[in-house]
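One structure below.
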Amino acid sequence: MSNPATPDGANSPRRAIDAVNASLKRRYAAEKRFRLMGMSAVILGLAFVAILFVDIVAKGWPAFQQTSIQLPIYFDAQVIDPEGTREADTLSRANYVVLARDALRAQFPDVQGRTDVRALNAMLSPGVPQQLRELVMADPSLIGTTQEIWLIADDDVDQFVKGAIPRDVPELERRVKDQTVAWIDALDERGRIEKKFNTTFFTAGASREPELAGIAGALMGSFYTLVLTLLFSFPIAVGAALYLEEFAPKNKWTDIIEVNINNLAAVPSIVFGLLGLAVFISFFGVPRSTPLVGALVLTLMTLPTIIIASRAALKSVPPSIREAALGVGASPLQTQFHHVLPLAMPGMLTGTIIGMAQALGETAPLLMIGMIAFIVDIPGGFTDPSTVLPVQIFLWADSPERGFIEKTSAAIMVLLGFLLLMNLTAVLLRRKFERRW
Amino acid sequence: MSTTAAEVGRATPTGAITAADLEKDRSFKGTIGDITSPNARMVCRDVNVYYGDKQAIKRVSLDIGKNEVVSMIGPSGCGKSTFLRCLNRMNDTIPGCRVTGLIALDGVDVYDKKLDVVPLRAQVGMVFQKPNPFPKSIYENVAYGPRIHGLTNNKTELDELVETSLRKAGLWEEVKDRLDQPGTGLSGGQQQRLCIARTIAVSPEVILMDEPCSALDPIATAKIEELIDELRENYSIAIVTHSMQQAARVSQRTAYFHLGDLVEVGETDQIFTNPQHKLTEDYITGRFG
Amino acid sequence: MSDDVTRGHTVRRYDEELGKVRGLVLEMGEYALEQLGSAVQALITGDATLARRVVDKERRLDLFELDTDEAIFNLIAKRQPAAVDLRLIIALSKATGDLERSGDKANQIAWCTIRLLEREGQQPPAKLLHHVRSLHGMSSTMLERALEALSKTDVDLALDVFEGGKRLDEEFDAALRHLMTFVMEDVTLVGLVLDMVFALRALERVGDHAGNIAEQVIFVAQGRDVRYQNKEILIEALRRRKAS
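Protein chains in written order, with this note's numbering: chain A, 3 to 439; chain B, 3 to 291; chain C, 48 to 291.
Below you can see the structure in the form of structure tokens.
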């Protein structure tokens, strides 16, 4: 504050505004510092999330492609169906391996010796016979003809083609030997090796072979489990919330119940697994590793979350609405069901979706109730043994095969995709139905 | 704190009130003015309200007559709203709230254990401080009460009832083209008139209004006041207000509450020109600390 | 009634404004009393100059009335007074009118003096002035009391004013009869006596105005409108109520 018009300003008592101005710089600096700290915290968090996502996507992306080898397969009637009955039983039992191996040998006629032949055969996945069987079963008229078929390559070949196994390391340190590399190159030259979209990943169940493993089983398991969890937990939680918030007298007992509900939300999930094991499986005899028992355990786990969210939603309904309804003579139950519940529903649904998302991502309690079992078949019902997505991820992450690394990441991507979708739904629901008074 | 005559004179909350109790209390302090109304619709005698151990209303007696507007004024926390909410048992919803004494509507004790509170609230309607329309359409807001009480037999009758209610509330002309739009989209004053329409749709005998204009601008307030004056022809109205001018404008009788006591009741003209009690005068002239 | 009725509002500006209006009215009363005193003085001493000064100063009183009315007008508009405040405001408004008319009476006495001196060329004989003196004493005391009662909202003082009014009426009657005897003795005195009666009548009217102000004091203090009531019965009723 420099004002040449008042030379005696120095003698006059310091004005408050001068003090304010003097401290202004310091205050702005403090504010700037605080903003910077906040920003950097957010950026750091985002960076880690980005690193995680980039890493997972980078690792998982190749899993959506599968290397295949195109071979002219001669569906030899002598091998498949020597008697020409075309019976399903005969067709399914035929020795399809031979067909594929012969076709591959035909590509490399100069390969001799048991070891080399075995190495050549190993280029094809153990799933190839099944692939051919399905083709023939679907269309028996193929028998006797020669078709160009894309056959699934073995996971080592797949990894090599995708570049996961580098070419320029010594042969001894490489899973794919020079000889195989030469064959792959030869096939590549002939345009007989290619990366195709991996449908197996979405249609197959668990398998020991990475190239044959898929998430369909786990997805269906998760689906059945979640459906049951929703059916169990939503009505119970909403009912409990409604009673506690609107009807229960406020006394010591309801206080204790409230504290316990809040505590339950913080109990480690594995404890729920142990409880499920002890109560549902051992005591009630619910079949283990089924979506049913999984849902029961997850219901226990998500109940507190949904109850707390539902109570918050009920609390957020302004009391004036209740008064209005009571004021025109609605009974308490009518008040709740006609007015309060519809207004609280978006909040309740949001809470439920978040609870469901939590259940979808839960692993630990399911390990305790046997949902970690290796199940090849895709479950078809609530009482079929099954596994769920996060457990599948856990299993794959534990597998030694190179091909499972990318499968793990791909499964994580699918899981994250679903979680994102559910949370997005929650946000949209809230946006759409949220009311302001 | 020393025991005052009032505390000695007060009956135990649960015990029956004897004539001697009444006499003792009256001799200590009584409401100034005539609490009775020649055409009493609601009769309240020696009403006490307790919130837990705290007594919010002390021996209040007051009549609400036919075709009259009784206004209740007093400083915050004086118990006027509490008293109003006793009249249709809205206090039932508050835990720990206990009411003793007699409150009768057309000779029927509203606190009778056998009495159902739902029809009572249909007879004694309530309009609240903040306009609180249901977040539904204008039509649904008015139709809700008649519907749950089964007042109409078919859609035509319901439509008519909705229209007459909205007309009585002076809102019909403003909303007749948009009955299907949400009631929450109306202006504050319109919302409050919608709430009044909702209340009169169930044909109450008494309408309680708890500071109905405190959230409204002066023009909307004037409309509501005009409406109150019109409604007086068919209903008994008890209104709690913080605005003394409003009490003076709309009511025929005024009751002044102070710390749970009904200090003075009288013709509104008299209360505002020549109140008898010092407390009333201090409050009305703005001398309250 | 020791409490000042203008005090105690939560809004202190209200106190100030109410006090200011009352101050204006009291000041106006002082001024009216002064005018009355000067007018009577001029009559008694035959001082035409003083009488003219009274006439000149009459305008001041009108301005007082305008000021007071405006202050009252603003106060009603802004504060919406109720109960005792409202009664005080109304009483002050009415008192203003009474004081203005009291001032008019002083003016009339002054004019009367001027005309009398011009016609007669000398002051009236002392025997005729006796009643003017005594009636002035009584009416000005009444007015003083009424103003004091107004400033303190004192019912007792107001009752004194009523009693004074009774005595003033008696005194006025006695004075009239006495002056009549002069006319009977000497008919040439008739003009002078008429002037005296005119002045006495003005003084008697001032007493009435004082009584009006006292009525307003009772209205302020008790909210009862006691105009047009038999004052003897009223005095007795109020005294009895006070005693009980």
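For glycine and all other residues, C-beta sits at the position ideal for the given N, C-alpha and C. What you are looking at is a predicted structure, and each value in this text was computed from that prediction instead of being measured.
Quick check on Ala-124 of chain B: buried or exposed, where buried means 16 or more other Cβ atoms within 10 Å of its Cβ? On the second sequence, residue 124 of chain B is found 122 positions in, with the first residue counted as 1. Residue burial is scored here from C-beta neighbours: Ala-124 of chain B has at least 16 other C-beta atoms within 10 angstroms and is therefore classed as buried.
Looking only at DSSP bridge pairs, what is Leu-73 of chain A linked to? For the purposes of this step, residue 73 of chain A is taken as residue 71 along the first sequence, with counting starting at 1. Answer by DSSP bridge pairing, in chain order: A:Ile-151.
Would you mind sorting Asn-155 of chain B into buried or exposed? The rule is 16 or more other CB atoms within 10 Å of its CB. Your numbering for residue 155 of chain B matches position 153 in the second sequence. Asn-155 of chain B comes out exposed.
Once the 5 residues before and after Asn-154 of chain C are set aside, which same chain residues still bring their CB inside 7 Å of it? Here residue 154 of chain C refers to the residue found at position 107 when the third sequence is read from its first residue. Val-101, Val-102, Glu-105, listed in sequence order.
Just how far apart, CA to CA, sit Asp-27 of chain B and Val-62 of chain B? Residue mapping note: residue 27 of chain B aligns to position 25 of the second sequence, counting from 1. Residue mapping note: residue 62 of chain B aligns to position 60 of the second sequence, counting from 1. Confidence at Asp-27 of chain B is low in this model, with a pLDDT of 44, below 50, so the placement of that residue should be treated as unreliable; the coordinate-derived value is given next. Inter-residue distance for Asp-27 of chain B and Val-62 of chain B is about 11 Å (C-alpha atoms, whole angstroms).
Does the segment 83 to 101 of chain C come close enough to the segment 126 to 143 of chain C that 3 or more CB-CB pairs lie under 8 Å? no
When burial is assigned at 16 or more other CB atoms within 10 Å of the CB, is Tyr-30 of chain A buried or exposed? The residue labelled residue 30 of chain A in the question sits at position 28 within the first sequence. Classification for Tyr-30 of chain A: exposed.
Among residues of its own chain, excluding the 5 on either side of Ala-121 of chain A, which ones have a beta-carbon nearer than 8 Å to its beta-carbon? For the purposes of this step, residue 121 of chain A is identified with residue 119 of the first sequence, where counting begins at 1. Cβ within range, chain order: Lys-179, Gln-181, Thr-182.
Looking only at its own chain, which residues have a Cβ that is under 8 Å from the Cβ of Met-358 of chain A, when we skip the five neighbours before and after it? Stepping through the first sequence from its first residue, residue 358 of chain A is reached at position 356. In the same chain as Met-358 of chain A, and ignoring 5 residues on each side of it, the C-beta atoms closer than 8 Å to its own belong to Leu-228, Thr-231, Leu-232, Thr-304, Met-424, in chain order.
For Ser-271 of chain A, I'd like the list of residues in its chain whose CB is within less than 7 Å of its CB, leaving aside the five on either flank, ordered along the chain. In the first sequence, the residue the question calls residue 271 of chain A occupies position 269. The beta carbon of Ser-271 of chain A is closer than 7 Å to those of Met-303, Glu-364, Ala-366, Pro-367 in its chain, skipping five residues each way along the sequence.
Determine the direct distance from the alpha carbon of Pro-334 of chain A to that of Leu-328 of chain A, and round the result to whole angstroms. In the first sequence, residue 328 of chain A corresponds to position 326, counting from 1. In the first sequence, residue 334 of chain A corresponds to position 332, counting from 1. The straight-line gap from Cα to Cα measures roughly 7 Å.
Looking only at C-alpha atoms, which of B:Pro-220, B:Glu-227, B:Gln-247 sits nearest to Met-211 of chain B? Residue numbering aside, residue 211 of chain B sits at position 209 when the second sequence is read from its first letter. Out of B:Pro-220, B:Glu-227, B:Gln-247, B:Glu-227 has the C-alpha closest to the C-alpha of Met-211 of chain B.
Residues, ordered as in the chain, of the segment 258 to 278 of chain B that lie near chain C by beta-carbon distance below 7 Å: Phe-274, Thr-275, Asn-276, Pro-277
Going straight from the alpha carbon of Lys-60 of chain B to that of Leu-244 of chain A, what length do you get? On the second sequence, position 58 is the one that residue 60 of chain B refers to. On the first sequence, position 242 is the one that residue 244 of chain A refers to. If you take the alpha carbons of Lys-60 of chain B and Leu-244 of chain A, they lie about 35 Å apart.
Show which residues of chain B have a CB atom less than 7 Å away from the CB atom of Val-131 of chain C. Taking the third sequence and counting its residues from 1, the one referred to as residue 131 of chain C is at position 84. Simply Glu-283, Thr-287.
To which residues of the same chain is Phe-136 of chain B closer than 6 Å at the C-beta, ignoring the five residues directly before and after it? Here residue 136 of chain B is taken as the residue at index 134 of the second sequence, counted from 1. Answer for Phe-136 of chain B: Asn-143, listed in chain order.
Any C-beta of chain B sitting closer than 8 Å to the C-beta of Gln-336 of chain A? Within the first sequence, residue 336 of chain A is the residue found at index 334, counting from 1. With respect to chain B, the C-beta atom of Gln-336 of chain A has a partner C-beta closer than 8 Å.
Where do the ends of the beta strand (DSSP E) carrying Leu-104 of chain B lie? As a working mapping, residue 104 of chain B is identified with position 102 in the second sequence. Where Leu-104 of chain B is concerned, the enclosing beta strand (DSSP E) stretches over 99 to 107.
Classification of Asp-83 of chain A by the beta-carbon crowding that lies within 10 angstroms, buried from 16 upward: Start at 1 with the first residue of the first sequence, and residue 83 of chain A comes out as number 81. Buried: at least 16 other Cβ atoms inside 10 Å.
Using CA coordinates, which residue listed in C:Ala-222, C:Arg-286, C:Arg-99, C:Val-264 is at the minimum distance from Arg-180 of chain C? Working through the third sequence from its first residue, we reach residue 180 of chain C at position 133. Closest option to Arg-180 of chain C, Cα to Cα, is C:Ala-222.
Spatial distance of Asn-134 of chain B from Arg-180 of chain B (CA atoms): Mapped onto the second sequence, residue 134 of chain B falls at position 132. Mapped onto the second sequence, residue 180 of chain B falls at position 178. For Asn-134 of chain B and Arg-180 of chain B, the distance between alpha carbons rounds to 19 Å.
Residues of its chain near Val-130 of chain A, where Cβ-Cβ distance is below 8 Å and the 5 sequence neighbours each way are ignored: Residue mapping note: residue 130 of chain A aligns to position 128 of the first sequence, counting from 1. These residues qualify, in order along the chain: Tyr-98, Val-99, Ala-102, Leu-153, Ile-154.
At the level of alpha carbons, what is the spacing between Asp-109 of chain C and Glu-147 of chain C? In the third sequence, residue 109 of chain C corresponds to position 62, counting from 1. In the third sequence, residue 147 of chain C corresponds to position 100, counting from 1. Near 7 Å, if we compare the C-alpha coordinates of Glu-147 of chain C and Asp-109 of chain C.
Please state whether DSSP places Cys-80 of chain B in a helix, a strand or coil. Mapped onto the second sequence, residue 80 of chain B falls at position 78. Of the three classes helix, strand and coil, the one that applies to Cys-80 of chain B here is coil, per DSSP.
Using 8 Å as the threshold, is the segment 204 to 219 of chain B in touch with the segment 235 to 249 of chain B, meaning 3 or more CB pairs across them? Yes: the two stretches touch, three or more of their Cβ pairs being nearer than 8 Å.
Given a threshold of 16 other Cβ atoms within 10 Å of its Cβ, counted over all protein chains shown, does Asp-187 of chain A qualify as buried or as exposed? Here residue 187 of chain A refers to the residue found at position 185 when the first sequence is read from its first residue. Asp-187 of chain A comes out exposed.
Identified DSSP bridge partners for Phe-199 of chain A: Position 197 of the first sequence, counted from the first residue, corresponds to residue 199 of chain A. In the DSSP output, where bridge partners are listed per residue, Phe-199 of chain A has A:Gln-67.
When the Cα atoms are used, what is the spatial distance from Asp-255 of chain C to Ile-286 of chain B? For the purposes of this step, residue 255 of chain C is identified with residue 208 of the third sequence, where counting begins at 1. For the purposes of this step, residue 286 of chain B is identified with residue 284 of the second sequence, where counting begins at 1. Between Asp-255 of chain C and Ile-286 of chain B, the C-alpha separation is close to 33 Å.
Within the chosen definition, does the segment 36 to 48 of chain B reach the segment 63 to 70 of chain B through at least 3 CB pairs nearer than 8 Å? yes
Chain-ordered neighbours of Thr-201 of chain B on chain A, where CB pairs are closer than 9 Å: By 1-based counting over the second sequence, the position of residue 201 of chain B is 199. Under the 9 Å cutoff, chain A gives Gly-329, Val-330.
Ordered list of alpha helix (DSSP H) runs contained in the segment 257 to 284 of chain A, each at least 4 residues: Within the segment 257 to 284 of chain A, the complete alpha helix (DSSP H) runs of at least 4 residues are 271 to 278.
When you compare each of B:Lys-138, B:Arg-100, B:Asn-90 to Val-110 of chain B by their alpha carbons, which one comes out closest? Working through the second sequence from its first residue, we reach residue 110 of chain B at position 108. Among B:Lys-138, B:Arg-100, B:Asn-90, the Cα nearest to that of Val-110 of chain B belongs to B:Asn-90.
For Arg-130 of chain B, which residues from the same chain have a beta carbon less than 6 Å from its beta carbon, with the 5 sequence-adjacent residues on both sides left out? The residue given as residue 130 of chain B occupies position 128 in the second sequence. In the sequence as displayed, the identity of residue 130 of chain B is Phe instead of Arg. Cβ within range, chain order: Asp-212.
When burial is assigned at 16 or more other CB atoms within 10 Å of the CB, is Lys-252 of chain A buried or exposed? Position 250 of the first sequence, counted from the start, is the residue given in the question as residue 252 of chain A. Exposed, because fewer than 16 other Cβ atoms sit within 10 Å of the Cβ of Lys-252 of chain A.
Integer Cβ distance of Ala-138 of chain C from Val-267 of chain C, believed to fall under 8 Å: Start at 1 with the first residue of the third sequence, and residue 138 of chain C comes out as number 91. Start at 1 with the first residue of the third sequence, and residue 267 of chain C comes out as number 220. That pair is a contact at about 5 Å.
DSSP three-state assignment for Gly-11 of chain A, whether helix, strand or coil: The residue given as residue 11 of chain A occupies position 9 in the first sequence. Residue confidence is low: Gly-11 of chain A scores 48 on pLDDT, short of 50, so the model does not pin down where it sits. Its coordinate-derived value is still stated next. Helix, per DSSP.
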